[in-house]
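Numbering (the working numbering), first residue to last: 1 to 409. Glycine is no exception: its CB is placed at the ideal position from the N, C-alpha and C atoms.
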Ligand code: GLU
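This is the structure we're talking about:
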């Protein structure tokens, strides 16, 4: 486990926040850092031409101290055990920051899904689900979308889980299509939660979104929806990049056109080319010196290295950290799960209003601790989470098993 890997960075940040959290017992800290369980699976895939391939997938169940494991499944050529372990850890921290009664987990398959036909994508998803169905479930571990996975893929996971287990239950996975038990507002939830946090932070700084110039790094679900929301609020989107290219337009990009363009399966590289970057750790010590933004909203997971954090702090850049800023997705996933368990359907306005309340509470808890301890928002967010996880572990030791709970909103 090298410090340079994503899981190493996760552990380093937990360590850095431990004093502010008052969690100094090293064995407890070690327990909080390490995943409870790691599943590595081999997935047989039959391609459309009849050829066979073996792919590798993972499901890391990091912490169940505060509730069932919760977290997405990503399909990407760079997926590795190290990365999935870090992502699962970040989910445990994230669910604790926003204080929903869930733990953290993550899954992934090492594959480039853009090279698969729709039939192959479905076959792969079903084969992966066949490998992991025994270890997931509505009260155990609830997957969701992540990089390169979407509502249609979650429907396949739910369906395959039902076939394998004989227990069809939509609550086994979140981020499904609305027709199959998904929640209204889940598709835009990550962006909206980040928007809520940014609004609160700008208000506190007596700044306005109107007229702000925004660069969107990553134009998937979170980035594209954030561009829409920010545009609507009067900000100007002057740059956007996907995994293939970056577009720059000082007078503002046509956001809706870009979204329609990407929805047709096209990439920005068909317009212009630019360097291709990995997913995590995009802001590192060297390029952090050149970031000219005054605010960074981390809608991706783990985009900034600890070294870069130090540079950004020295340069006075405000960083709204991933585990808070992108938590809107899992919050509405949690709402979806509650609706499925209770056979309820909430209105979109209800979902958005409840999301705003949860995000606002989390923002307040984090900024209060940051001010009290004189630490960054990131360390404060980790510290808030660590306190909650440590308390849950302590309680779990007193009473052997808690029943699954839902919070009163
Ligand atoms: N993949 C998203 C995340 O990283 C959502 C996870 C979920 O909804 O469970 O937060």
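- For residue 220 versus residue 297, is the C-beta distance shorter than 8 angstroms? no
- Task: In the DSSP assignment, find the alpha helix (DSSP H) that holds residue 108 and state where it starts and stops.
- Result: Premise fails: residue 108 lies in the beta strand (DSSP E), 104–110, not in any alpha helix (DSSP H).
- Message: Checking 8 angstroms against the spacing of the C-beta atoms, do residue 103 and residue 117 come in under that value?
- Response: no
- Message: Under 7 angstroms: does the beta carbon of residue 85 sit that close to some heavy atom of the ligand GLU?
- Response: no
- Assigned exposure category for residue 10 - 16 Cβ within 10 Å defines buried: buried
- Query: If residue 21 and residue 383 are in contact, beta carbons under 8 angstroms, what's the gap, nearest whole angstrom?
  - Reply: 4 angstroms
- Query: Should residue 294 be labelled buried (16 or more other beta-carbon atoms within 10 Å of its own) or exposed?
  - Reply: exposed
- Query: If you measure from the CB of residue 94, is any heavy atom of the ligand GLU nearer than 7 angstroms?
  - Reply: yes
- Task: Tell me where the alpha helix (DSSP H) around residue 90 begins and ends.
- Result: 81–97
- Out of 150, 184, 141 and 185, which has the shortest C-alpha to C-alpha gap to residue 410? Residue 410 lies beyond the residue range present for the chain, which begins at 1 and ends at 409; the question has no answer from this structure.
- Any heavy atom of the ligand GDP within a distance shorter than 7 angstroms of the CB on residue 287? By its list of ligands, the structure shown excludes the ligand GDP, since it contains just the ligand GLU.
- Message: Counting C-beta neighbours from all protein chains within 10 Å, is the total for residue 42 16 or more, i.e. buried, or is it exposed?
- Response: exposed
- Message: Under 7 angstroms: does the beta carbon of residue 330 sit that close to some heavy atom of the ligand GLU?
- Response: yes
- Task: Give a yes or no on whether the C-beta atoms belonging to residue 308 and residue 280 are separated by under 8 angstroms.
- Result: no
- Ordered along the chain, which non-local residues of its own chain (more than five positions away) have a Cβ less than 6 angstroms from that of residue 459? Any question about residue 459 goes unanswered here, given that the chain covers just 1 to 409.
- Item | Best match in 218, 161 and 8 for proximity to residue 125 [C-alpha to C-alpha] | Nearest neighbour of residue 125 by Cα position, chosen from 218, 161 and 8, turns out to be 161.
- Cutoff 6 angstroms; reference residue 38; Cβ partners in own chain excluding five residues on either side: 60
- Task: From the DSSP output, read off the bridge partner residues of residue 141.
- Result: 69 and 137
- Tell me which same chain residues have a C-beta within less than 8 angstroms of the C-beta of residue 54, skipping the five on either side of it? 42, 43, 44 and 45
- Measure the C-alpha to C-alpha separation of residue 17 and residue 139 and round it to an integer number of angstroms. 30 angstroms
- Residue-chain proximity (residue 226, chain D), Cβ-Cβ < 8 angstroms: Checking the listed chains, one finds no chain D in this structure; it contains a single protein chain.
- Do you know how far the Cα of residue 282 is from the Cα of residue 495? An answer regarding residue 495 cannot be provided, because it is not within the stretch 1 to 409 covered by the chain.
- Segments assigned alpha helix (DSSP H), at least 4 residues, entirely inside the segment 355–407: 377–398
- Got a sec, what are the start and stop residues for the alpha helix (DSSP H) residue 226 sits in? 221–232 is the span of the alpha helix (DSSP H), which, as asked, contains residue 226.
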